[in-house]
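J.:
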Ligand SMILES: Cc1ncc(COP(=O)(O)O)c(C=O)c1O
């Protein structure tokens with residue numbers, strides 16, 4: 275789900291929104307597509323970090339990294355400034371560079387493909403499975419060339435991809451498998467948290483995701499040497515971290531071992547992240563409960579197919595999308611307009627990078643499922659505090675349009 279799709283009312287509390295609306299008669303209460311679930315605990319944790327005097331990357335980042343990695347069952351967590359920067363570092367750590375090709379879905383937020391360009395490699399678009407919106411071993415196999423060095427799989431909108439089959443394909447061919455798990459915290463694959471199918475996974479804490487730190491990201495992996503390199507790369511390539519230098523009683527002379535970046539997370543963000551992590555189970559459970567209710571309400575609308583758990587796992591429903599079936603009355607954009615007229619913020623479905631000006635002229639194989647999904651799907655509002663009445667209002671508009 276695209277960052278651009280983040281609702282513009284994020285930051286307004288539901289109370290603020292309804293207060294504004296009460297003053298305007300006959301204007302229906304606006305339903306946002308997403309509200310990040312943040313409360314006084316997060317505010318207190320951020321304030322404590324500020325008052326501690328240590329606001330840059332420090333002890334809270336280290337604690338967040340440990341807790342997050344433990345939560346997803348990975349050996350190491352390396353906090354970064356966003357998932358985009360995490361993907362960039364993951365590619366650097368995997369040794370991907372100019373002349374290499376990396377297979378990615380076009381059906382993803384544009385950061386997935388852009389990260390490949392950051393290292394001078396070429397993103398090669400593969401099509402997706404129409405049910406899950408994800409790469410499969412077959413769609414990837416169709417675009418492999420002798421220059422392919424890696425595959426970057428996305429768990430789109432939180433729906434887990436079939437990573438075991440992809441891993442088998444990549445292992446057989448000596449390719450790196452990187453997971454873009456931006457949307458997928460709390461999703462599962464074969465009963466375990468997603469993020470373990472590849473050698474390295476990157477996560478997003480943007481407010482459109484379930485767990486937010488404002489902006490922020492994490493890279494998780496098992497390889498200890500790579501984790502050391504990732505920590506160094508995110509901090510200017512320094513041989514001694516700022517935290518270690520601060521802890522030292524004597525003078526420290528760091529050196530700069532390679533060209534690094536400033537991709538650090540702050541301790542203020544990590545303090546918020548630690549509180550959010552403690553809420554994760556409840557956040558996922560609530561989204562799944564709301565999704566189940568959408569499924570019930572939409573059951574008698576054959577014109578729409580709603581996203582569901584695939585056979586191999588469970589989604590956190592980071593995005594609840596519906597697809598207009600062939601022959602459905604009306605078009606996706608008409609539906610979006612009708613929802614907007616009713617005061618409901620929905621979003622177009624997942625974007626397709628190959629259709630954007632930034633990728634004009636970029637060669638690619640036919641991508642029929644990608645083009646259908648991006649053209650005919652839309653994302654419905656879903657947020658922790660959403661009420662049954664709000665869900666009923668959304669479905670009533672859909673029913674009137676396509677029922
Ligand atoms: C699949 C995917 N990858 C990467 C990103 C980028 O995440 P961030 O905003 O944390 O850089 C997003 C954000 O929407 C995403 O949906």
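In my numbering, the protein residues as written are 275 to 677.
Note that beta-carbon positions come from the ideal geometry of N, C-alpha and C, so glycine has one too.
Would you call the CB atoms of residue 495 and residue 349 closer than 8 Å?
T.: Within the chain shown, the letter at position 221 stands for residue 495. Within the chain shown, the letter at position 75 stands for residue 349. It is a contact, given that the beta carbons lie within the stated cut-off.
J.: Which residues in the same chain as residue 606 place their Cβ atom closer than 8 Å to its Cβ, once the five residues preceding and following it in sequence are excluded?
T.: Taking the chain shown and counting its residues from 1, one reaches residue 606 at position 332. Counting only Cβ-Cβ distances below 8 Å, and skipping sequence neighbours, we find 598, 622, 623, 649, 650, 651 and 652.
J.: Give the secondary structure of residue 358 by DSSP, where H, G and I count as helix, E and B as strand, and everything else as coil.
T.: Mapped onto the chain shown, residue 358 falls at position 84. Reduced to three states, the DSSP call for residue 358 is helix.
J.: What did DSSP end up calling residue 530 once you bin it into helix, strand or coil?
T.: Numbered from its first residue, the chain shown carries residue 530 at position 256. Strand.
J.: Since residue 351 sits in a beta bridge, which residues does DSSP pair it with?
T.: Here residue 351 is taken as the residue at index 77 of the chain shown, counted from 1. In the DSSP output, where bridge partners are listed per residue, residue 351 has 494.
J.: Just mark residue 536 as buried or exposed, buried being the case when its beta carbon has 16 or more other beta carbons within 10 Å.
T.: Sequence index remark: in the chain shown, residue 536 carries index 262 (1-based). Residue 536 sits exposed, since fewer than 16 C-beta atoms from the chains shown fall within 10 Å of its C-beta.
J.: Under the rule that 16 or more other beta-carbon atoms within 10 Å means buried, what is residue 665, buried or exposed?
T.: Within the chain shown, the letter at position 391 stands for residue 665. Flag for residue 665 reads buried.
J.: Can you tell which of 658, 608 and 586 has the C-alpha that lies nearest to the C-alpha of residue 429?
T.: One-based indexing of the chain shown puts residue 429 at position 155. Ranking 658, 608 and 586 by Cα distance to residue 429 puts 586 first.
J.: Leaving out five residues on either side along the sequence, give the residues of the same chain with a beta carbon under 7 Å from the beta carbon of residue 551.
T.: Mapped onto the chain shown, residue 551 falls at position 277. Excluding sequence neighbours, residue 551 sits near 341, 342, 345 and 485.
J.: Return helix, strand or coil for residue 555, following the three-state DSSP convention.
T.: In the chain shown, counting from the first residue as 1, residue 555 sits at position 281. Residue 555 falls in the helix class under three-state DSSP.
J.: Any idea what DSSP makes of residue 388, helix, strand or coil?
T.: Locating residue 388 in the chain shown gives position 114, where the first residue counts as 1. Correct three-state label for residue 388: helix.
J.: Please confirm if the stretch 573 to 591 is in contact with the stretch 364 to 372, defined as three or more CB-CB distances below 8 Å between the two stretches.
T.: Judged by Cβ distances under 8 Å, the stretch 573 to 591 makes no contact with the stretch 364 to 372, as fewer than three pairs qualify.
J.: Mapping DSSP to helix, strand and coil, what is residue 326?
T.: To locate residue 326, count along the chain shown from 1; it is residue 52. Helix, per DSSP.
J.: Residue 330 and residue 541 - do their beta-carbons sit closer together than 8 Å?
T.: Here residue 541 refers to the residue found at position 267 of the chain shown. Here residue 330 refers to the residue found at position 56 of the chain shown. Yes; because the gap between Cβ atoms is below 8 Å, this pair is in contact.
J.: When DSSP labels each residue in this structure, what does residue 605 get in the three-state scheme?
T.: Here residue 605 corresponds to residue number 331 of the chain shown, with the count starting at 1. Coil.
J.: Spell out a yes or no on whether the stretch 461 to 474 and the stretch 430 to 443 are touching, meaning 3 or more CB-CB pairs, one atom from each, closer than 8 Å.
T.: yes
J.: Flag this pair as touching only if the stretch 624 to 639 and the stretch 377 to 393 have three or more C-beta atom pairs under 8 Å; answer yes or no.
T.: yes
J.: Considering only C-alpha positions, which residue in the set 347, 336, 316 and 312 is nearest to residue 463?
T.: Here residue 463 refers to the residue found at position 189 when the chain shown is read from its first residue. It is 347 whose Cα lies nearest to the Cα of residue 463.
J.: May I ask you to report which of helix, strand or coil DSSP gives residue 397?
T.: Along the chain shown, read from residue 1 onward, the residue named residue 397 stands at position 123. Three-state result, residue 397: strand.
J.: Closest to residue 532 by C-alpha separation, out of 518, 546 and 502, would be which residue?
T.: Here residue 532 corresponds to residue number 258 of the chain shown, with the count starting at 1. Selected option, being the one with the closest Cα: 502.
J.: Looking only at C-alpha atoms, which of 596, 400 and 619 sits nearest to residue 640?
T.: Position 366 of the chain shown, counting from 1, holds the residue named residue 640. Measuring from the Cα of residue 640, the nearest candidate turns out to be 400.
J.: Hey, would you say the C-beta of residue 619 is under 7 Å away from at least one heavy atom of ligand 1?
T.: Start at 1 with the first residue of the chain shown, and residue 619 comes out as number 345. No, the Cβ of residue 619 stays beyond 7 Å of every heavy atom of ligand 1.
J.: Please list, in chain order, all residues of the same chain as residue 297 whose beta carbon is under 7 Å from its beta carbon, the five residues on each side excluded.
T.: Taking the first residue of the chain shown as position 1, residue 297 is located at position 23. Model confidence at residue 297 stands at a pLDDT of 46, short of 50, so the residue's coordinates are unreliable and nothing is read from them.
J.: Whose C-alpha, out of 419, 402 and 448, is nearest the C-alpha of residue 412?
T.: For this step, residue 412 is matched to residue 138 along the chain shown. Scanning 419, 402 and 448 for the CA closest to the CA of residue 412 turns up 402.
J.: Would a C-beta distance cut-off of 8 Å place residue 450 and residue 466 closer than the cut-off?
T.: Here residue 450 is taken as the residue at index 176 of the chain shown, counted from 1. Here residue 466 is taken as the residue at index 192 of the chain shown, counted from 1. No, the Cβ-Cβ distance between residue 450 and residue 466 is not below 8 Å.
J.: Can you tell which of 461, 671 and 358 has the C-alpha that lies nearest to the C-alpha of residue 575?
T.: In the chain shown, the residue the question calls residue 575 occupies position 301. Restricting attention to 461, 671 and 358, the CA atom closest to the CA of residue 575 is found in 671.
J.: Using only the alpha-carbon positions, how far apart do residue 409 and residue 481 sit?
T.: Walking along the chain shown from the start, residue 409 turns up at place 135. Walking along the chain shown from the start, residue 481 turns up at place 207. Approximately 25 Å, taken between the alpha carbons.
J.: Measuring CA to CA, which of 616, 448, 601 and 431 is closest to residue 584?
T.: One-based indexing of the chain shown puts residue 584 at position 310. If we check each option's Cα against that of residue 584, 431 comes out closest.
J.: Can you list the alpha helix (DSSP H) stretches of 4 or more residues lying completely in the stretch 575 to 663, in chain order?
T.: 606 to 615 and 642 to 650
J.: Report back the beta-carbon spacing between residue 546 and residue 488 to the nearest angstrom; my notes put them in contact at under 8 Å.
T.: On the chain shown, position 272 is the one that residue 546 refers to. On the chain shown, position 214 is the one that residue 488 refers to. With 8 Å as the limit, residue 546 and residue 488 qualify as a contact, their Cβ atoms being about 7 Å apart.
J.: When DSSP labels each residue in this structure, what does residue 404 get in the three-state scheme?
T.: Walking along the chain shown from the start, residue 404 turns up at place 130. Note: residue 404 maps to coil in three-state DSSP.
J.: Report back the beta-carbon spacing between residue 407 and residue 554 to the nearest angstrom; my notes put them in contact at under 8 Å.
T.: Translated into the one-based positions of the chain shown, residue 407 becomes position 133. Translated into the one-based positions of the chain shown, residue 554 becomes position 280. Wrong, their Cβ atoms sit about 23 Å apart, outside the cutoff.
J.: Under three-state DSSP, which class holds residue 478?
T.: In the chain shown, the residue the question calls residue 478 occupies position 204. DSSP places residue 478 in strand when its eight states are reduced to three.
J.: Return the Cβ separation of residue 609 and residue 559 in integer angstroms, given the expectation that the two are a contact with Cβ distance under 8 Å.
T.: Walking along the chain shown from the start, residue 609 turns up at place 335. Walking along the chain shown from the start, residue 559 turns up at place 285. That pair is no contact at about 29 Å.
J.: For residue 421, which residues from the same chain have a beta carbon less than 6 Å from its beta carbon, with the 5 sequence-adjacent residues on both sides left out?
T.: Sequence index remark: in the chain shown, residue 421 carries index 147 (1-based). Correct list, in chain order: 375.
J.: For residue 325, which residues in the same chain have their Cβ closer than 8 Å to its Cβ, ignoring the five residues on either side in sequence?
T.: As a position in the chain shown, residue 325 is number 51, starting the count at 1. If we look at residue 325 and ignore the five residues flanking it on each side, it has no Cβ neighbours.
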